[in-house]
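Here's the structure, in structure tokens; my notes come after.
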Amino acid sequence: MGEMPFSNFNHREFSYGFIFYFPVLLCTWALWKKHALLSWLLLIIASAISLFLLLGTLARGAWVAILVATVFIIAINREWKLTVAAAICLGLLAGVTHWSAGSNPDTRLLIHKLTQTDSSHRYSNGTQGSAWSLIMENPVKGYGFGNKVYHQVYNSRVADYPDWTYRTSIGPHNIFLSLWFSAGILGLVTTLLMTFSVLLTGSRIIRQHSGIIRQSGIILLAAFIGVFIVRGAFENAYINEIGILLGLLIALYKKTTSKAIN
């Protein structure tokens, strides 16, 4: 038997797919020139269903990532009418959420996530605050790669930090802190250089091309911003997903440069 949305946090992995799906939906809309009433209706319905399922994952990192990616795509493509459609969808969802909060007790987790300001006590002495304390003890060299290394170091030092919220490690919940912890300052600098390189390459593809190539560049760049930068600020991003995005972006850039040379 399946699990219903809004019931628990077991759907969080499912939310990663939406960070890729929403940019594809919005960029396909930009390529579709016939924006008839039926097209708008289908877009609103598809977006509303997707937003409902997304909220059901209870993954706030994905919510913020998709919001940033959506704003980015609308601004780049100048599809200002999409802002109205997004406002309608958000308004409908807000109304449904408010109604269900009083009539359905199963939505209590959703209301909690919508009103929570410091999930998992990330700051101060929580996941990110404790990671920062460990990093400052060895900021240059780092401790080594792997979740097991972090858990081992954290659990061995937790007795020295009575103010830490978690007495057993659950991870740093920040990709940049995680890489700094693992590889030291060199790892952090390398990560930042890689991030700026991706942003520069993606923006160059978007600026110099049009049509499908431009929209493909927007999809990949928006997904990278959502998965790595935005969600990575709240959780540990999966390296395999970042590798896929970088591989596709490099292939697209290589294809465009080859055409320019020919």
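End of the sequence shown = 262 in UniProt numbering, gap-free, step of one. Even for Gly, the Cβ is constructed at its ideal location relative to N, Cα and C.
Checklist line | Cα-Cα separation between Ile206 and Tyr143, rounded to whole angstroms | finding: 39 Å
Note to self: Considering only their Cβ atoms, is the gap separating Ala59 from Val227 smaller than 9 Å?
What the structure shows: no
Next item on the list: Please list, in chain order, all residues of the same chain as Leu179 whose beta carbon is under 7 Å from its beta carbon, the five residues on each side excluded.
Entry: Gly187, Leu188 and Thr191
Notebook entry, point to check: When burial is assigned at 16 or more other CB atoms within 10 Å of the CB, is Trp29 buried or exposed?
Noted result: buried
Note to self: I need the DSSP call for Pro172, collapsed to helix, strand or coil.
What the structure shows: coil
Notebook entry, point to check: Taking DSSP as the reference, what is the three-state secondary structure of Glu235?
Noted result: coil
Item checked: Rounded C-alpha distance that separates Thr202 from Leu221 -> With the sequence shown as reference, residue 202 is identified as Gly, and Thr is not the correct amino acid for it. Roughly 6 Å separates the two Cα atoms.
Margin query: Could you compute how far the alpha carbon of Glu79 sits from the alpha carbon of Asn240?
Written below: 32 Å
Next item on the list: Going by CA-CA distance only, name the one from Gly61, Asn77, Thr83 and Leu53 that's closest to Trp40.
Entry: Thr83
Next item on the list: Just the C-alpha distance for Val24 and Ser210, rounded to the nearest angstrom, thanks.
Entry: 16 Å
Notebook entry, point to check: Going by Cα to Cα distance, which pick from Arg231, Gly247 and Lys255 is closest to Ser15?
Noted result: Arg231
Notebook entry, point to check: Are Ser124 and Pro172 closer than 9 Å when you measure CB to CB?
Noted result: no
Item checked: Within 9 Å, strictly: CB atoms of Leu134 and Phe181 -> yes
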